[in-house]
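J.:
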Amino acid sequence: ILIFVFAGELQVYCEKQEITVTKGECIFIRKHMDIELIRKSSNGEAFSSIFMGFTKSFLLDFHHHINKNNLPENPAGFDRNMIRIPHNPYMQSIYVSLLPYLQWDNIPMKQIMELKLMEAVFSLLLTDQRFYSYLFDFGKSSAMNLNIWNDERYNNDQLCEAICCSSDKSLQACETNISRINFPGCQ
558 ILIFVFAGEL QVYCEKQEIT VTKGECIFIR KHMDIELIRK SSNGEAFSSI
608 FMGFTKSFLL DFHHHINKNN LPENPAGFDR NMIRIPHNPY MQSIYVSLLP
658 YLQWDNIPMK QIMELKLMEA VFSLLLTDQR FYSYLFDFGK SSAMNLNIWN
708 DERYNNDQLC EAICCSSDKS LQACETNISR INFPGCQ
């Protein structure tokens, strides 16, 4: 899962590792992890973020169509389950392109979101080839357990969607927006 924080801050806890993500930052969380997310306001700004999840079917299809000549032969992985993504033009491009959707409270149409997901995968691979082993490890279950805490508690099922926009809007408005997205591969 790729998390972009647009405002506020997000504390992420995963297997004795803790990361605080602030405005303008992005992290990648490896699949199969039990994590706890605590979202907070910061500097008078309500928390606002976008979560991008890559379903197994999406990644299988992506891997099937990618030019295999450009892939590392024996990619090493990271030694941790959460990776803070360094600022770079690839990730900044996605961040900036998603911002208008959040500002206008608009969910991108399915085809646009699929392009954003493809851009995100390419951006991760261009940032560091070690992401290859995390993204294309199809030998394990694709389950990820998320516990999100804020004013309300969200169900894990609500985060099955490939993107979850959250801001200072009501929980009901967020659920309505999420329910409008239907990505293949989400159960």
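Numbering of the sequence shown is given in the working numbering, commencing with residue 558 and proceeding in unit increments. Note that beta-carbon positions come from the ideal geometry of N, C-alpha and C, so glycine has one too. Since this is a predicted model, take the numbers as computed values, not measurements.
Return the CA-CA distance between E671 and Q649, expressed in angstroms with no decimal places.
T.: Between E671 and Q649, the C-alpha separation is close to 18 Å.
J.: DSSP puts K597 in a beta bridge; with which residues?
T.: E566
J.: To which residues does DSSP link I586 through a beta bridge?
T.: M639.
J.: Mind checking whether D694 and K588 have CB atoms under 9 Å apart?
T.: yes
J.: With a cut-off of 8 Å on the beta carbons, I'd call Y570 and P632 a contact; round off their distance for me.
T.: Not confirmed; about 27 Å, so no contact.
J.: For M666, count neighbouring C-beta atoms within 10 Å of its own C-beta (all shown protein chains included) and say buried if the count is 16 or more, exposed if not.
T.: exposed
J.: Within a Cβ cutoff of 7 Å, which residues of the same chain sit near Y652, ignoring the five residues on either side of it in sequence?
T.: The residues are F561 and C583.
J.: In chain order, what residues of the same chain have a beta carbon less than 7 Å from the beta carbon of A564, not counting five sequence neighbours either side?
T.: K580, E602, A603, F604 and S605
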